[in-house]
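Each remark here refers to the structure printed beneath this line.
Residue numbers (this note's numbering), protein chains in the order written: chain F, 104 to 450; chain P, 104 to 450.
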């Protein structure tokens, strides 16, 4: 084995190391830390290169690349979405991501992002709820009890002080799984038999279902005044969760409009329907919640900047730890023009 | 350390393993094998998802993602281009790539592509020359003696029977390096003091210079009738190598017009200037070289399908070898909806 120079190495965080890092930091601490980093990057929103993700659709799913850059660092995430995977014993969503140095183009971090995406999505939801949900909200309806549900619950606890979650899924086994996982985590858990039941007394309603179709998880009559809806399951063309009537009664907040118009709940609305960009609420340029009666809707599809923030956080927090390995991913000849000589000498 | 299931693993080919694979197969064999796979994929061109690469430009370089899919496999390459890197002891171009299964969205191969890109670029050039260069061409002028030059020379030898190369670079050290590397490789090497000298008797002229600017490496009066120009250095907006007059005298062949119009030599021409797509020459739908007097120009910028072919080749050829390692890149909980439980149990 040849020994590449340090320039040839890229730190890689495996799933195993990511889980170790999460336990080392503590999940709730990490959710707060990530929410802080995401909020920080939303505050400097205008500085980023932004583009709708680059999607490759098939009959059964989608594979996406989500790049962005703040001018110093470049990041992208690879992520798939295959709702049918679950029935085959596979993840609906798997992901990995990369950071690179804009000045040299050299990668500086490769990381698993299946786990990290779950954590950053929950942190983003809770950060948005901090700005949009009724003050002092204590109870959340969690509709769809798949891989995101426990992360959503703990993020709302860690970031806005949620005390109770009311779980509902069309599959009672999913609800049992989520309830079991949330035992002893400091949140009161209620298993519900219908979406309506889950919403009793809830100030926040989170929907996270995985069907790749226009579903109506929430109908108009289910939604009372004053709630905050955190809609995270509708995230690709043809996949929505809310009845259009709800959208017309809500003030709608989004990440990046050009992407959300294609992928979010608002794909059901005319292209010019007014929406507010979340970053403008955070910077004070736009209003968030203005009354007790208002229905706020965070129509979240996930945006590249959130992944960028998460990767920045990981790169910072693996320093001085053993939670990464060095990958020999970059050729580094002594003379950069002499790639051939490097190959020849390896023979 | 937990032991992830086999579904969680992605085979990774490091730079060291790529070099071992190349030597195991033999570079000229591999160039021929890659040219065959690229030609095979060009024959089924219409079947691919094609999109211009997604580029993030800065003052000093560019970082690009190049995705494509044939409906069964999905592939993308990350690649940077930073001409100023050389003076800092870094590669101008580094790259890695990924293949994934369209049906599940799961990655199936992660590979270094700095070395592999050099090899596939050379294989593509020689495959194009097979269709476009004068029959029986024996001599190539190689202008720009950086990291690509030896690969280009050996690919032309392996695929179209090149016997002699005439090297020129503005930096004589680069020419010396290339000449030294090509010693004993079965090609007659001549070091030249000017671009004009390098073109004496050459039927093929390859330009591969790295300046990020509109340069004029070839002027109109330097180009005689009947030659084939293989222009690979002009590959981003604002970076060209040929005088526009040469383009007007040439029949121009390109990979993917929407990308080449932005990045290739033809960025100097009106958007409707006629060009021929190389895949149509290969399938017989369009004519390649039709006369001895004709100047053919392959205005090559590199396209995602070539990387896809190269990754397919690598995935096939690492089977049964030790030239890869398994990366724990994908979370694989027992119950795919139970990502949180997997994390909890790892604690």
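Ideal placement from N, C-alpha and C gives every residue a C-beta, glycine not left out. Note that the coordinates shown come from a computational prediction; the quantities given were computed from them, not determined experimentally.
| field | Coarse secondary structure for residue 265 of chain P, derived from DSSP in three states | value | The residue you call residue 265 of chain P lines up with position 162 of the second chain. In this structure, residue 265 of chain P counts as coil in the three-state DSSP scheme.
| Backbone CA spacing between residue 327 of chain P and residue 277 of chain P [nearest angstrom] | The residue you call residue 327 of chain P lines up with position 224 of the second chain. The residue you call residue 277 of chain P lines up with position 174 of the second chain. Distance from the CA atom of residue 327 of chain P to the CA atom of residue 277 of chain P, rounded to whole angstroms, is 26 Å.
| Proximity below 8 Å, CB of residue 256 of chain P to CB of residue 290 of chain P | One-based indexing of the second chain puts residue 256 of chain P at position 153. One-based indexing of the second chain puts residue 290 of chain P at position 187. Yes; because the gap between Cβ atoms is below 8 Å, this pair is in contact.
| task | Buried or exposed for residue 389 of chain P, please, with buried defined as at least 16 other CB atoms from any protein chain shown within 10 angstroms of its CB. | result | Translated into the one-based positions of the second chain, residue 389 of chain P becomes position 286. When all chains shown are included, residue 389 of chain P counts as exposed.
| query | Between residue 322 of chain F and residue 345 of chain F, what straight-line distance do the alpha-carbon atoms span, to the nearest angstrom? | reply | Sequence index remark: in the first chain, residue 322 of chain F carries index 219 (1-based). Sequence index remark: in the first chain, residue 345 of chain F carries index 242 (1-based). The straight-line gap from Cα to Cα measures roughly 7 Å.
| message | So that I know if they touch, is there some Cβ in chain P lying closer than 8 Å to that of residue 444 of chain F? | response | By 1-based counting over the first chain, the position of residue 444 of chain F is 341. At least one chain P Cβ lies under 8 Å of residue 444 of chain F.
| query | So residue 333 of chain P is in the beta strand (DSSP E); what residue range does that whole segment cover? | reply | On the second chain, position 230 is the one that residue 333 of chain P refers to. Residue range 331-334 is occupied by the beta strand (DSSP E) that includes residue 333 of chain P.
| task | May I have the straight-line CA-CA distance separating residue 283 of chain F from residue 360 of chain F, to the nearest angstrom? | result | Within the first chain, residue 283 of chain F is the residue found at index 180, counting from 1. Within the first chain, residue 360 of chain F is the residue found at index 257, counting from 1. Using only the alpha carbons, I get a separation of about 37 Å.
| query | Cβ of residue 465 of chain F less than 8 Å from any chain P Cβ? | reply | The requested residue 465 of chain F is not part of the displayed model; chain F covers only 104 to 450.
| task | Starting from residue 444 of chain P, trace the alpha helix (DSSP H) both ways and give me its first and last residue. | result | As a first step, residue 444 of chain P must be located in the second chain, where it is residue number 341. Residue 444 of chain P -> alpha helix (DSSP H) spans 442-449.
| query | Do you know offhand how far residue 432 of chain P's Cα is from residue 233 of chain F's? | reply | Position 329 of the second chain, counted from the start, is the residue given in the question as residue 432 of chain P. Position 130 of the first chain, counted from the start, is the residue given in the question as residue 233 of chain F. Near 32 Å, if we compare the C-alpha coordinates of residue 233 of chain F and residue 432 of chain P.
| At a CB-CB cut-off below 9 Å, which residues of chain P make contact with residue 234 of chain F? | The residue given as residue 234 of chain F occupies position 131 in the first chain. Going along chain P, no residue has its Cβ under 9 Å from residue 234 of chain F, so there is no contact; the nearest lies around 25 Å.
| request: Run the CB neighbour count on residue 168 of chain P, radius 10 Å, all protein chains shown included, and call it buried at 16 or more, exposed below. | output: For the purposes of this step, residue 168 of chain P is identified with residue 65 of the second chain, where counting begins at 1. Residue 168 of chain P should be labelled buried.
| request: Could you name the residues of the same chain whose beta carbon sits closer than 6 Å to that of residue 395 of chain F, not counting the 5 residues immediately before and after it, in chain order? | output: On the first chain, position 292 is the one that residue 395 of chain F refers to. Same-chain partners within the cutoff: 329.
| query | With 16 as the cutoff for other CB atoms within 10 Å, does residue 104 of chain P come out buried or exposed? | reply | By 1-based counting over the second chain, the position of residue 104 of chain P is 1. A caution first: residue 104 of chain P carries a pLDDT of 37, below 50, which makes its placement in the model unreliable, though a value can still be read off. When all chains shown are included, residue 104 of chain P counts as exposed.
| task | Give every residue of the same chain whose Cβ lies closer than 8 Å to the Cβ of residue 114 of chain P, excluding the five residues on either side of it in the sequence, and list them in chain order. | result | Here residue 114 of chain P is taken as the residue at index 11 of the second chain, counted from 1. Cβ neighbours of residue 114 of chain P within its own chain (closer than 8 Å, five residues either side excluded): 211, 212, 213, 418, 421, 427, 428, 429 and 430.
| request: Determine the closest residue to residue 226 of chain P out of P:446, P:412 and P:273, with distance taken between C-alpha atoms. | output: In the second chain, the residue the question calls residue 226 of chain P occupies position 123. Measuring from the Cα of residue 226 of chain P, the nearest candidate turns out to be P:412.
| message | Beta carbons nearer than 8 Å to chain F: which residues of the region 413-440 of chain P have them? | response | 430, 431, 432, 433, 434, 435, 436, 438, 439 and 440
| Which residues bound the beta strand (DSSP E) around residue 291 of chain P? | Along the second chain, one-based indexing puts residue 291 of chain P at 188. That run of the beta strand (DSSP E) goes 291-294.
| query | Which chain P residues are close to residue 139 of chain F, counting only those with a beta carbon under 7 Å from its beta carbon? | reply | The residue given as residue 139 of chain F occupies position 36 in the first chain. Within 7 Å Cβ-Cβ: nothing; residue 139 of chain F doesn't reach chain P, min ~21 Å.
| task | Pick helix, strand or coil for residue 190 of chain F, following the three-state DSSP scheme. | result | Along the first chain, one-based indexing puts residue 190 of chain F at 87. Of the three classes helix, strand and coil, the one that applies to residue 190 of chain F here is helix, per DSSP.
| Contact under 8 Å by Cβ, residue 178 of chain F with residue 202 of chain F | Counting from 1 along the first chain, the entry for residue 178 of chain F is found at position 75. Counting from 1 along the first chain, the entry for residue 202 of chain F is found at position 99. Contact: yes.
| field | Residues from the region 213-242 of chain P in contact with chain F, defined by Cβ distance under 7 Å | value | 215, 217, 218 and 221
| said: For the region 141-166 of chain F, list every residue whose C-beta sits within 8 Å of some C-beta in chain P, in sequence order. | reply: 152, 154, 157, 159, 161, 163, 164, 165 and 166
| field | chain F contacts made by the region 368-398 of chain P, where a contact means CB separation under 8 Å | value | none
| request: Please report how far the alpha carbon of residue 149 of chain F lies from the alpha carbon of residue 444 of chain P, in whole angstroms. | output: Locating residue 149 of chain F in the first chain gives position 46, counting from the first residue. Locating residue 444 of chain P in the second chain gives position 341, counting from the first residue. For residue 149 of chain F and residue 444 of chain P, the distance between alpha carbons rounds to 38 Å.
| Residues sharing a beta bridge with residue 160 of chain P, DSSP | Reading the second chain from its first residue, position 57 is the one you call residue 160 of chain P. Under DSSP, residue 160 of chain P forms a beta bridge with P:165.
| Does any C-beta atom of chain F lie closer than 8 Å to the C-beta of residue 126 of chain P? | On the second chain, residue 126 of chain P is found 23 positions in, with the first residue counted as 1. With 8 Å as the cut-off, residue 126 of chain P counts as an interface residue toward chain F.
| task | Could you tell me the distance, in whole angstroms, from the CA atom of residue 415 of chain F to the CA atom of residue 123 of chain F? | result | Mapped onto the first chain, residue 415 of chain F falls at position 312. Mapped onto the first chain, residue 123 of chain F falls at position 20. Whole-angstrom Cα-Cα distance: 17 Å.
| Going by alpha carbons, who is nearest to residue 265 of chain P out of P:248, P:306, P:295 and P:273? | On the second chain, position 162 is the one that residue 265 of chain P refers to. Comparing Cα-Cα distances from residue 265 of chain P to each of P:248, P:306, P:295 and P:273, the minimum goes to P:306.
| task | List the endpoints of the continuous alpha helix (DSSP H) containing residue 180 of chain P. | result | Translated into the one-based positions of the second chain, residue 180 of chain P becomes position 77. Here residue 180 of chain P belongs to no alpha helix (DSSP H); instead the beta strand (DSSP E) covers 176-184.
| task | Give the C-beta separation of residue 262 of chain P and residue 372 of chain P to the nearest angstrom, bearing in mind that I take them to be a contact with Cβ-Cβ under 8 Å. | result | Against the second chain, residue 262 of chain P aligns to sequence position 159. Against the second chain, residue 372 of chain P aligns to sequence position 269. Not really, about 29 Å apart at Cβ, beyond 8 Å.
| How close, in whole Å, do the beta carbons of residue 280 of chain P and residue 440 of chain F come, if the pair is a contact with beta carbons under 8 Å? | Position 177 of the second chain holds residue 280 of chain P. Position 337 of the first chain holds residue 440 of chain F. Going by Cβ atoms, the distance from residue 280 of chain P to residue 440 of chain F rounds to 7 Å, so yes, they are a contact pair.
| task | With 8 Å as the threshold, decide whether the Cβ of residue 180 of chain F is near any Cβ in chain P. | result | Walking along the first chain from the start, residue 180 of chain F turns up at place 77. Chain P, which has no Cβ nearer than 8 Å to the Cβ of residue 180 of chain F, makes this no.
| Within 10 angstroms of its Cβ, does residue 451 of chain P collect 16 or more other Cβ (buried), or is it exposed? | One cannot answer for residue 451 of chain P here, as it falls past the ends of chain P, which runs 104 to 450.
| In terms of DSSP beta bridges, what is residue 388 of chain F paired with? | In the first chain, residue 388 of chain F corresponds to position 285, counting from 1. Paired residues: none, contrary to the question.
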